[in-house]
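Okay, structure first, notes after.
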Amino acid sequence: MKQCTNPPLVTTQWLEQNLDNDKLILLDASMEKVVGKSPIIYDTFSCIPGAKKLDLENELCDLTSNQTHAFPTAQQFIEITSGLGISQESLVVIYDNQGIYSSPRAWWIFKVMGFINVYVLNGGLPQWLAEGRATAHRFSPSDRADSTLADSVINSVINRPCQLRLEVQDTWVCESSYLLDKLSDKQVSIFDARGAARFSGTAPEPREGVRSGHIPNSVNLPFSQVLDGHCLKSTEELQRVFTGLANEQDIQRIFSCGSGITACILILASVEAGYQRNVLYDGSWAEWGSDSKLPIE
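In this note's numbering, the protein residues as written are 1336 to 1632.
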């Protein structure tokens, strides 16, 4: 499966014009905890009309893993998306309340699971509000009656013609062992989305027991550098950013951050810039920095 051949973004204008589209599933992937930026805090709750809640922190992650924000299993993904009324024919748009922060993580999960028609709302809720567009005061209810489905129900979802048929792209997410093997590979560039102070080791890590520093031979690209206000920078600007750091088109790009969330902002930017070989190191620095056997700089 070729990686992300369709553009990853939709505009607020496009979304407003398509809110009545029967195929549209609008998901709010906002997170309670925001790291690496000053969070936008709202006095009152609001969401885009018709949006459903997608819980990245408590549902769409593997809670059996010791890893922070671990990638969900295929079974979890099927359960959650079926509960949200998502089928193979759905047009999924994801946003968050920080602009572009956690929505790219949800988007990349969908992509890795083989879902094609999924997009990030450029600018998210802040851009929507800034333009004076209509809001709602509660999420649209989920189609799921409860938070769990029996295995027999999940199996029926897998086999139902109109539901998701997963083609999981395992190579689009990697573990520390894979990354360790690629540290000296000239055809691989490793990008770290954390801030410069954390990357250089001059600022302490927010998680206890995690060493300071960075993965050897990695390049620091704080996620704020691919953003323009609430939105992603233009395609041309993103191409200049990446060309200045790794000027070969066909290299593999591996992205890391603190715990696998903001690295996906860089993946979104990389895809928007036209690059195809993008990989998420899901454990990111929370895992790498906690393992004394792994080298650091």
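Ideal Cβ positions, reconstructed from N, Cα and C, are used throughout, including at glycine.
These numbers come from a predicted model, not from an experiment.
Under 8 Å between C-beta atoms of residue i and residue j
i: Ser1625; j: Ala1598; result: no
i: His1565; j: Pro1461; result: yes
i: Leu1344; j: Val1427; result: no
i: Gly1530; j: Gly1371; result: yes
i: Gly1458; j: Thr1347; result: yes
i: Ala1608; j: Gln1574; result: yes
i: Trp1623; j: Ser1512; result: no
Contact belief for residue i with residue j at Cβ below 8 Å, rounded distance in angstroms
i: Ala1291; j: Val1561; result: The chain is shown only over 1336 to 1632; residue 1291 falls outside these bounds and no answer can be derived.
i: Gly1418; j: Ser1477; result: 6 Å
i: Ile1415; j: Glu1394; result: 6 Å
i: Pro1541; j: Ala1469; result: About 37 Å; that fails the 8 Å criterion.
i: Phe1590; j: Phe1526; result: 5 Å
i: Lys1368; j: Phe1474; result: About 19 Å; that fails the 8 Å criterion.
i: Gln1410; j: Asp1617; result: So it is not a contact: roughly 17 Å between Cβ atoms.
i: His1472; j: Ser1400; result: Not confirmed; about 35 Å, so no contact.
Contact set for residue i: own chain, Cβ-Cβ below 8 Å, skip 5 residues either direction
i: Asn1490; result: In this prediction, Asn1490 has a pLDDT of 46, which is less than 50 and means its spatial position is unreliable; nothing more can be read from the coordinates.
i: Leu1580; result: Ser1524, Phe1526, Val1554 and Leu1556
i: Tyr1377; result: Asn1432
i: Asp1563; result: Ser1569 and Glu1572
i: Leu1389; result: Leu1362, Asp1363, Ala1364, Leu1395, Ile1415, Leu1419, Ile1429 and Ala1441
i: Asp1355; result: none
i: Tyr1610; result: Phe1577, Gln1584 and Arg1588
Contact test: residue i Cβ vs the ligand ATP heavy atom, cutoff 7 Å
i: Asn1432; result: The ligand content of the structure shown is nil, which means the ligand ATP is not present either.
Option in the options with minimal Cα separation from residue i
i: Pro1407; options: Gln1587, Ile1360, Ser1627 and Ala1441; result: Ala1441
i: Leu1350; options: Glu1632, Pro1557 and Val1453; result: Val1453
i: Ile1596; options: Cys1382, Ala1405 and Gly1536; result: Ala1405
i: Phe1450; options: Val1503, Ile1429 and His1472; result: Val1503
i: Trp1443; options: Arg1473, Phe1474, His1472 and Cys1396; result: Cys1396
i: Ile1600; options: Lys1358, Leu1615 and Ser1627; result: Leu1615
i: Asn1555; options: Phe1577, Asp1355 and Ile1429; result: Phe1577
i: Ile1435; options: Val1455, Ser1425 and Lys1446; result: Val1455
i: Asp1357; options: Ser1425, Val1606 and Leu1391; result: Ser1425
i: Thr1506; options: Lys1446, Trp1463, Ser1547 and Asp1355; result: Lys1446
i: Gly1593; options: Arg1546, Ala1471, Tyr1610 and Asp1378; result: Arg1546
i: Val1606; options: Glu1632, Ile1631 and Ser1569; result: Ser1569
i: Pro1342; options: Glu1632, Asp1355, Ser1627 and Ile1602; result: Ile1602
i: Glu1632; options: Gly1536, Tyr1610 and Asp1520; result: Gly1536
Cut-off 6 Å between Cβ atoms - residues of its own chain near residue i, not counting five sequence neighbours on either side
i: Phe1412; result: Met1448
i: Ile1429; result: Leu1362, Ala1364, Ser1438, Ala1441, Trp1442 and Val1455
i: Ser1482; result: The predicted model places Ser1482 with a pLDDT of 41, which falls under 50 and marks its position as unreliable; any figure quoted below should be read in that light. There are no such residues.
i: Leu1518; result: Pro1551 and Asn1552
i: Glu1572; result: none
i: Glu1660; result: With the chain running from 1336 to 1632 in the structure shown, residue 1660 is simply not present.
i: Cys1285; result: With the chain represented from 1336 up to 1632, any question about residue 1285 goes unanswered, as that position is not in the structure.
i: Ala1528; result: Phe1558, Cys1592, Thr1597, Ala1598 and Leu1601
i: Ser1627; result: none
Proximal residues to residue i (C-beta, below 7 Å), its chain only, five neighbours per side dropped
i: Pro1374; result: Gln1433
i: Gln1587; result: Gln1522, Val1523, Arg1612 and Val1614
i: Ala1532; result: Ala1538
i: Leu1515; result: Leu1629
i: Gly1544; result: Ser1625
i: Trp1463; result: Thr1347 and Ile1383
i: Asn1353; result: Leu1359
Closer than 8 Å to chain C by CB, residue i
i: Ala1528; result: No chain C appears in the structure shown, which is made up of a single protein chain.
### Runs of alpha helix (DSSP H) lying entirely within the region 1501-1566, each at least 4 residues, in chain order
1511-1516 and 1531-1535
### Task
Please specify which runs of the beta strand (DSSP E), each continuous and at least 3 residues long, are wholly inside the region 1396-1481, giving them in chain order.
1426-1430 and 1453-1456
### Query
In chain order, which continuous runs of the alpha helix (DSSP H) of length 4 or greater are located wholly inside the region 1565-1632?
1570-1580, 1598-1607 and 1619-1623
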